[in-house]
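In what follows, a structure is listed as structure tokens, so that the remarks can point back to it.
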Amino acid sequence: APRVLSGIQPTADSFHLGNFLGALRQWVALQEDHDAFYCVVDLHAITAEQPDPAVLRRRTLVSAAQTIALGVDPDRSTLFVQSHVPEHAQLAWVLQCLTGFGEASRMTQFKDKSSREGAGTTSVGLFTYPVLQAADILLYQAARVPVGEDQRQHLELTRDLATRFNGRYGDTFTVPETYVPPGAAKVLDLQSPDKKMSKSLPPAGCVNLLDDPKVTAKKIRSAVTDTGREVVADPVGKPGVTNLLAIHSALSGQGVAQLEEHFAGRGYGDLKKEVAEVVADALAPVQQRTAELLADPAELERMLAAGAARARAVAAPTLATVYERVGFLPAV
Ligand code: TYM
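As numbered in the UniProt record's numbering, residues 6 to 337 make up the sequence shown, in order.
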């Protein structure tokens, strides 16, 4: 079966609806007919200052629990924590030495984050973040990488680095294809529907999977809608309404055209009410399953250790080939 790999950062107490609809839903679907590797990327998480080591540890475990609760099956898919597989950092170094400084400087995520935080506090790790991401993917010879729209540029860099390495040292890496889902590849913030939903914006616009349903309903009720009153999709004129329709459609499985018909002659209030219901129905079982999994952290840790062993069995031979091709003297 073809390989897929994807990753998610353990940088919040809960994933949000963008993570779920843009990425994790595809993780679950792809495990059916792919050899899937899914990674909680704690090395990436420390590219921004993490408040407390205990919190990072906890969030890593909660991230793994949510991933399983959403439907990733740790027997069928290889679910692991990035720092458990040292080959990620090792390959990242080699790839950094193939990456141009100017090339890395063009990454918009770095430009955005460093301008927000100020160059003085921005780490070199944040600068080389996309190269570590390339290492995550290339170590596993992934053919496809399921991600949201915001990751496209990082995947282009990954493809460039794979092609460059292959050209210089001989065919070594699979050049991966970006797999962005139709429909909800970019879930927008409920308060600022000109921006993607993100934990770095004020919390009112971000629906967390583990939020209390009352909190979620309130956030959806308060979502910024648009002028006019018709419930129709129009990404330019009605980004807020279009976003709510996309969320509804992704969770209910009804097409957007079908929903427009359903809401014909009704207002934004009705739309919001139904979206809140659809979201609550989708999240209730995820919350319950997450809580069950977290009740036995030792079992979760055991699953992650088994995942790391399976991941290493693939990653180590790739790194060994890379070291040999680059010209490093064998250690034995
Ligand atoms: P992260 O942790 O920010 O987000 C995880 C996944 O969620 C998607 N996503 C969204 N999709 C739609 N709408 C949104 N508003 C939204 N917000 C987030 C992201 O596109 C992502 O797929 N750099 C990655 C993590 C990573 C990775 C990898 C991904 C590290 N190594 C290797 C793929 C392969 C990131 O920051 O994701």
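Note that beta-carbon positions come from the ideal geometry of N, C-alpha and C, so glycine has one too. In this text the structure is predicted, and so the values were computed from the model without any measurement.
Item to complete: Specify, as a first and last residue, the run of the beta strand (DSSP E) that E182 falls within.
Response: Here residue 182 corresponds to residue number 177 of the sequence shown, with the count starting at 1. E182 -> beta strand (DSSP E) spans E182 to Y184.
Worksheet entry | A320 (DSSP reduced to helix, strand or coil) | Start at 1 with the first residue of the sequence shown, and residue 320 comes out as number 315. Look at A320 here: in three-state DSSP terms it is helix.
Discussion item. Taking the alpha-carbon of F83 as reference, which of E37, R111 and I252 has the nearest alpha-carbon?
Written reply: Numbered from its first residue, the sequence shown carries residue 83 at position 78. Rather than Phe, the amino acid found at residue 83 in this sequence is Thr. The shortest C-alpha separation from T83 is found at E37.
Item to complete: At 4 residues or longer, and completely inside the stretch 206–280: list those alpha helix (DSSP H) runs for me, N to C.
Response: 218–226, 244–257 and 261–267
Worksheet item: Hey, is I252 close to the ligand TYM, as in C-beta under 7 angstroms from one of its heavy atoms?
Response: Translated into positions along the sequence shown, residue 252 becomes position 247. Because no heavy atom of the ligand TYM lies under 7 angstroms away, the Cβ of I252 does not count as near it: no.
Item to complete: Answer yes or no: the CB of residue 342 versus the heavy atoms of the ligand TYM, is any distance below 7 angstroms?
Response: Residue 342 lies beyond the range of the chain shown here (6 to 337); nothing can be said about it.
Fill in: Burial state of F333 (16 or more Cβ within 10 Å)
Counted from its first residue, the sequence shown places residue 333 at position 328. Classification for F333: exposed.
Worksheet item: So, do the stretch 314–327 and the stretch 91–107 have three or more beta carbon pairs nearer to each other than 8 angstroms?
Response: yes
Worksheet item: Can you check whether the CB of L131 is closer than 8 angstroms to the CB of T52?
Response: Residue numbering aside, residue 52 sits at position 47 when the sequence shown is read from its first letter. Residue numbering aside, residue 131 sits at position 126 when the sequence shown is read from its first letter. In this structure, T52 lies near L131, with their beta-carbon atoms less than 8 angstroms apart.
Discussion item. I need the DSSP call for I51, collapsed to helix, strand or coil.
Written reply: The count along the sequence shown starts at 1 and reaches residue 51 at position 46. Here I51 sits in coil by DSSP.
Item to complete: Assign C211 to buried or exposed, taking buried as 16 or more other Cβ atoms, counted over all protein chains shown, within 10 Å of its Cβ.
Response: Translated into the one-based positions of the sequence shown, residue 211 becomes position 206. Flag for C211 reads buried.
Worksheet item: Hey, L66 and P302: beta-carbon distance below 8 angstroms or not?
Response: If you number the sequence shown from 1, residue 66 lands on position 61. If you number the sequence shown from 1, residue 302 lands on position 297. The answer is yes: Cβ separation under 8 angstroms.
Discussion item. Would K201 and G12 qualify as a contact pair, given that the criterion is a beta-carbon distance under 8 angstroms?
Written reply: By one-based count along the sequence shown, residue 201 stands at place 196. By one-based count along the sequence shown, residue 12 stands at place 7. Taking 8 angstroms as the Cβ cut-off, K201 and G12 do not qualify as a contacting pair.
Discussion item. Please report the distance separating the alpha-carbon of Y184 from that of D239.
Written reply: In the sequence shown, counting from the first residue as 1, residue 184 sits at position 179. In the sequence shown, counting from the first residue as 1, residue 239 sits at position 234. Cα to Cα, the separation comes out at about 24 angstroms.
Worksheet item: Relative to the ligand TYM, is the shortest distance from any of its heavy atoms to the C-beta of D141 smaller than 7 angstroms?
Response: Position 136 of the sequence shown, counting from 1, holds the residue named residue 141. The answer is yes for D141.
Item to complete: Could you tell me if the beta carbon of H49 falls within a distance shorter than 7 angstroms of some heavy atom in the ligand TYM?
Response: Here residue 49 refers to the residue found at position 44 when the sequence shown is read from its first residue. Within the cutoff, so yes.
Item to complete: Quick one: residues in its chain with C-beta nearer than 7 angstroms to the C-beta of N171, no 5 flanking neighbours on either side, listed in chain order?
Response: Here residue 171 refers to the residue found at position 166 of the sequence shown. Cβ within range, chain order: T177 and F178.
Worksheet item: With DSSP run on the structure shown, which of helix, strand or coil describes L10?
Response: Position 5 of the sequence shown holds residue 10. Strand, per DSSP.
Worksheet item: Counting Cβ pairs, one atom from each stretch, are 3 or more of them under 8 angstroms apart for the stretch 185–204 and the stretch 262–282?
Response: no
Worksheet item: When the Cα of T104 is compared with those of L298, A140 and L299, which residue comes out closest?
Response: As a first step, residue 104 must be located in the sequence shown, where it is residue number 99. The option with the nearest alpha carbon to T104 is A140.
Discussion item. Taking 8 angstroms as the threshold (C-beta atoms), are L214 and Q71 in contact?
Written reply: Position 66 of the sequence shown, counted from the start, is the residue given in the question as residue 71. Position 209 of the sequence shown, counted from the start, is the residue given in the question as residue 214. Yes.
Discussion item. Could you check whether H159 and Q138 sit closer than 8 angstroms to each other, using their CB atoms as the reference points?
Written reply: Counted from its first residue, the sequence shown places residue 138 at position 133. Counted from its first residue, the sequence shown places residue 159 at position 154. Their beta carbons are under 8 angstroms apart, which means Q138 touches H159 by this criterion.
Practice prompt. Compute every distance between the C-beta of L26 and the non-hydrogen atoms of the ligand TYM, then say whether any falls below 7 angstroms.
Written response: Here residue 26 is taken as the residue at index 21 of the sequence shown, counted from 1. Yes, the beta carbon of L26 sits closer than 7 angstroms to at least one heavy atom of the ligand TYM.
Discussion item. So the candidates are V337, M308 and A314; which of them puts its Cα closest to the Cα of I73?
Written reply: Along the sequence shown, read from residue 1 onward, the residue named residue 73 stands at position 68. Ranking the options by Cα distance to I73, first place goes to M308.
Item to complete: Return the bridge partner residues of P151 from the DSSP annotation.
Response: As a working mapping, residue 151 is identified with position 146 in the sequence shown. P151 pairs with Y184.
Worksheet item: Going by alpha carbons, who is nearest to A313 out of F25, F20, V46 and H39?
Response: On the sequence shown, residue 313 is found 308 positions in, with the first residue counted as 1. Out of F25, F20, V46 and H39, V46 has the C-alpha closest to the C-alpha of A313.
Item to complete: Within the same chain, show all residues whose beta-carbon is closer than 6 angstroms to that of I225, passing over the 5 residues directly before and after it, in chain order.
Response: Position 220 of the sequence shown holds residue 225. Excluding sequence neighbours, I225 sits near K277, V280 and A281.
Worksheet item: Using a threshold of 7 angstroms, is the CB atom of S203 nearer than that to any non-hydrogen atom of the ligand TYM?
Response: Working through the sequence shown from its first residue, we reach residue 203 at position 198. S203 Cβ: within cutoff of the ligand TYM.
Item to complete: Check the C-beta distance from V180 over to T168 and give it rounded, since I have them as a contact under 8 angstroms.
Response: For the purposes of this step, residue 180 is taken as the residue at position 175 of the sequence shown. For the purposes of this step, residue 168 is taken as the residue at position 163 of the sequence shown. V180 to T168, Cβ: 6 angstroms. Contact.
Item to complete: Given a cut-off of 8 angstroms, decide if L256 and V284 are closer than it, judged by their beta-carbon atoms.
Response: Residue mapping note: residue 284 aligns to position 279 of the sequence shown, counting from 1. Residue mapping note: residue 256 aligns to position 251 of the sequence shown, counting from 1. Yes, these two residues count as a Cβ contact at 8 angstroms.
Fill in: Proximity winner among Y174, S110, Q101 and D40, relative to D80 (alpha-carbon distances)
Start at 1 with the first residue of the sequence shown, and residue 80 comes out as number 75. Closest by alpha carbon: D40.
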